[in-house]
Amino acid sequence: EPEVTQTPSHQVTQMGQEVILRCVPISNHLYFYWYRQILGQKVEFLVSFYNNEISEKSEIFDDQFSVERPDGSNFTLKIRSTKLEDSAMYFCAGRYGGALETQYFGPGTRLLVL
Amino acid sequence: KQEVTQIPAALSVPEGENLVLNCSFTDSAIYNLQWFRQDPGKGLTSLLLIQSSQREQTSGRLNASLDKSSGRSTLYIAASQPGDSATYLCAVRISGFQKLVFGTGTRLLVSP
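As structure tokens, this is what we get:
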């Protein structure tokens, strides 16, 4: 069964550094998402991406964040200048679209900002 | 603003019990509701999705119901097994939006 994959599984970075989190969605998915989960808290929506542009974003997704799908397979989340509060598990998700509504999530990247 | 709450926060049961997990949401204008399972330190596995027009969905030992007008959903797990131990999350997709709004989760422990 196809799966969403994410790399790296863990990343430790220094505050102020740029990080790029990578995701390979399921083939033929049309909608892509990033969510995050700070330890002990709810899963929170960051951004959705469709037809090569952002379709929706949360108030968390400020100018420090960006997403792109550079080659039609990878889907990336970039954090330009990391803060301590960016430490969280970041999940990529996707869905086919149309009547197929289920969002399929990847295993996550655990980001620790020191 | 849509708020999603799950009760109980934690549940411990012996193997074989049937159990019910509850999810409530404040705004009934939803497109669908999805139940997930999350194992410690892992990603989210989709269990069931109920469209707003549906009343329930079943998959194996799992049955999810939806009462949109009262803002409630329940996940029924029949004949629980130790392998069912995980955190169960419900999430609603608000009408007109792409995002899922997640609940607080119920941590389930099924002991042998």
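Chains as they are written, first to last, in this note's numbering: chain A, -18 to 95; chain B, 37 to 148. A virtual CB, placed ideally from N, CA and C, is assigned to each residue, including glycine.
Coarse secondary structure for residue i, derived from DSSP in three states
| i | result |
| --- | --- |
| Ser66/A | A small fix is needed here, since residue 66/A is Glu in this sequence, not Ser. Correct three-state label for Glu66/A: helix. |
| Asp120/B | helix |
| Tyr77/A | coil |
| Ile19/A | coil |
| Leu11/A | coil |
| Leu84/B | strand |
| Asp43/A | coil |
| Ser105/B | coil |
| Thr110/B | strand |
| Arg91/B | coil |
| Arg61/A | coil |
Option in the options with minimal Cα separation from residue i
| i | options | result |
| --- | --- | --- |
| Thr123/B | Asn58/B, Asp63/B, Pro76/B and Asn68/B | Pro76/B |
| Gln84/A | Gln42/B, Arg73/B and Pro148/B | Arg73/B |
| Arg97/B | Gly119/B, Ala114/B and Cys126/B | Ala114/B |
| Asn33/A | Leu11/A, Ile19/A, Asp44/A and Leu27/A | Leu11/A |
| Ser60/B | Ser147/B, Leu144/B and Cys126/B | Cys126/B |
| Trp71/B | Leu145/B, Val128/B and Lys135/B | Val128/B |
| Ala100/B | Leu84/B, Leu136/B, Glu51/B and Glu53/B | Leu84/B |
| Ser29/A | Leu95/A, Ser(-10)/A and Phe56/A | Phe56/A |
| Pro(-17)/A | Leu92/A, Leu95/A and Ala74/A | Ala74/A |
| Arg50/A | Leu2/A, Thr(-6)/A, Gly(-3)/A and Pro(-11)/A | Leu2/A |
| Val5/A | Leu92/A, Phe26/A, Leu65/A and Gly87/A | Gly87/A |
| Ser43/B | Pro148/B, Ser147/B, Val146/B and Thr142/B | The displayed chain sequence assigns Ile, not Ser, to residue 43/B. Nearest option by C-alpha distance: Thr142/B. |
Test item: CB-CB of residue i and residue j under 8 angstroms
| i | j | result |
| --- | --- | --- |
| Phe138/B | Val24/A | yes |
| Tyr71/A | Thr90/A | yes |
Boundaries of the beta strand (DSSP E) in which residue i is found, first to last residue
| i | result |
| --- | --- |
| Ser147/B | Thr142 to Ser147 |
| Thr83/A | Per DSSP, Thr83/A belongs to no beta strand (DSSP E) and is neither H nor E. |
| Val143/A | Since the first residue of chain A shown is -18 and the last is 95, residue 143/A is not available in this structure. |
| Ser48/B | Ala46 to Pro50 |
| Glu37/A | Glu34 to Lys38 |
| Thr(-6)/A | His(-9) to Thr(-6) |
| Leu136/B | Leu136 to Phe138 |
| Val28/A | Val24 to Tyr31 |
| Val(-15)/A | No beta strand (DSSP E) holds Val(-15)/A; DSSP gives it neither H nor E. |
| Phe61/B | Leu55 to Phe61 |
| Arg91/A | Thr90 to Val94 |
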